[in-house]
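Peer 1:
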Amino acid sequence: MSYLVATDLDGTLLRRDFTVSARTRRALQDAVAAGVDVVYATGRPPRWLPEVYEVTGLSPVTVCANGALTLLDDEPLDIKAIPADIVEEVRELLAEHRTDFVMHTEQWRGHTLKILAALPEVDHEQADDVLQEVRAVAGHLVEPTHSAYGRLLIEMGPSGVTKAHALQRLREQRWPGATLIAVGDMPNDEAMLRAADLPMTVATGHPWLRDVAGRVLPGPDDDGLAQLLEELAKRA
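Going by numbering that gives the first Met the number 0, the sequence shown opens with residue 0, and the numbers climb by one from there.
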C-alpha cells in the first residue's frame, strides 16, 4: 500500500517556536526515502515557506494559503485567486458588520490569495464565534476559516477553495492510488481531514477536529507526526 501524508505545518509539524526536533526532521527524510509521499498543506503564504523547508530539510509539493496556491520549488502547480470585485465587496460587508476589523490581503505575483480580517482588541478565544459571524456575512463570496494562535485573525480564501480542494487535484494528478493520511490541528484543516482516507489530529489541536479525526497523535512538542512517519516507513 502506498501512502500520501498531507500535513499541516504550524501546530502540527512545527512547534510553537516554529522549530522541529531532530527526530521529526529525521522521520520526514526517512519516510520519504522509504517511499512515503509527503505534502505540506498550510495556511501560510509562500513568503513564509523557505524557513520551513530549511528547518525540516524537506521541500515537497506545498499547498499554501489554505489551498489557493500549490507550489513545487517556488513554481505554481495551481492557483485559485480571489477576483478584485469580490475583495472589495467582502471588505465593504465586513466593515458594515463591525468597524473594528483591520483588513488586508495576501498577494502573490499579482494574485489575491487571501483576505485577512483581524480584531486586535478582541481575545483570540472568541475566534470561533467571530468565524461564524463572518461566514454568515460573507460566506457566499469567500471561504472563511481561522488558524492563528494568540490573536484573532479570520482568513478568507476563494469561494469553495480549501486544502481539501487542492489535495484532491494533486491526488488525481500525481498519486491516484495512494491512501491519503491528513494531519491537522485547526479549523482550516477540517475540510482536509474530512476528505482523507485516514484523518488525524494532534492532542494540542482545536476541539472541532476531534469529531472528524480517526486518530489523535501527540502534539509537535512530543513528536506525534514523527511517530506516525516512523510507523509508515516501517510498513513501506
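By construction, the Cβ of each residue, glycine as well, lies at the ideal position given by its N, Cα and C atoms.
Check Y148 in the structure and name its three-state DSSP category.
Peer 2: Against the sequence shown, residue 148 aligns to sequence position 149. Of the three classes helix, strand and coil, the one that applies to Y148 here is coil, per DSSP.
Peer 1: Can you give, in chain order, each stretch of the alpha helix (DSSP H) that sits fully within the segment 141 to 216 and has at least 4 residues?
Peer 2: Correct list: 162 to 173 and 189 to 194.
Peer 1: Skipping 5 residues on each side, what residues in its chain have a beta carbon closer than 7 Å to that of A30?
Peer 2: To locate residue 30, count along the sequence shown from 1; it is residue 31. Excluding sequence neighbours, A30 sits near V37, L228, L231 and A232.
Peer 1: From what residue to what residue does the beta strand (DSSP E) around W120 run?
Peer 2: In the sequence shown, counting from the first residue as 1, residue 120 sits at position 121. According to the sequence provided, residue 120 is Glu. The question's Trp does not apply to it. Unbroken run through E120: none, as it is neither H nor E.
Peer 1: Check each candidate in E53, D73, E50 and V54 and name the one with the smallest Cα separation from T61.
Peer 2: For this step, residue 61 is matched to residue 62 along the sequence shown. Comparing Cα-Cα distances from T61 to each of E53, D73, E50 and V54, the minimum goes to D73.
Peer 1: Assign A40 to one of three DSSP states: helix, strand, or coil.
Peer 2: Position 41 of the sequence shown, counted from the first residue, corresponds to residue 40. Note: A40 maps to strand in three-state DSSP.
Peer 1: Tell me, to the nearest whole angstrom, how far the beta carbon of V136 is from that of L93; I am working on the premise that it is less than 8 Å.
Peer 2: Counting from 1 along the sequence shown, the entry for residue 136 is found at position 137. Counting from 1 along the sequence shown, the entry for residue 93 is found at position 94. Between L93 and V136 the Cβ distance is about 6 Å, and since that is below 8 Å, they are a contact.
Peer 1: Give every residue of the same chain whose Cβ lies closer than 7 Å to the Cβ of S158, excluding the five residues on either side of it in the sequence, and list them in chain order.
Peer 2: In the sequence shown, the residue the question calls residue 158 occupies position 159. So the list reads L140, V141 and E142, once near-sequence residues are dropped.
Peer 1: Just verifying my parser: in three-state terms, what is the DSSP assignment at T23?
Peer 2: Counting from one through the sequence shown, the residue named residue 23 turns up at place 24. Reduced to three states, the DSSP call for T23 is helix.
Peer 1: Which residue marks the beginning of the beta strand (DSSP E) containing T61, and which one marks its end?
Peer 2: Here residue 61 refers to the residue found at position 62 of the sequence shown. T61 to C63 is the extent of the beta strand (DSSP E) around T61.
Peer 1: Looking only at DSSP bridge pairs, what is I78 linked to?
Peer 2: Residue 78 sits at position 79 when you count from the first residue of the sequence shown. The partner list for I78 (beta bridge, DSSP) reads L68.
Peer 1: Rounded to whole angstroms, how far is the Cβ of V132 from the Cβ of H96, which I believe are closer than 8 Å?
Peer 2: Here residue 132 refers to the residue found at position 133 of the sequence shown. Here residue 96 refers to the residue found at position 97 of the sequence shown. According to the sequence shown, residue 132 is Glu rather than Val. Going by Cβ atoms, the distance from E132 to H96 rounds to 7 Å, so yes, they are a contact pair.
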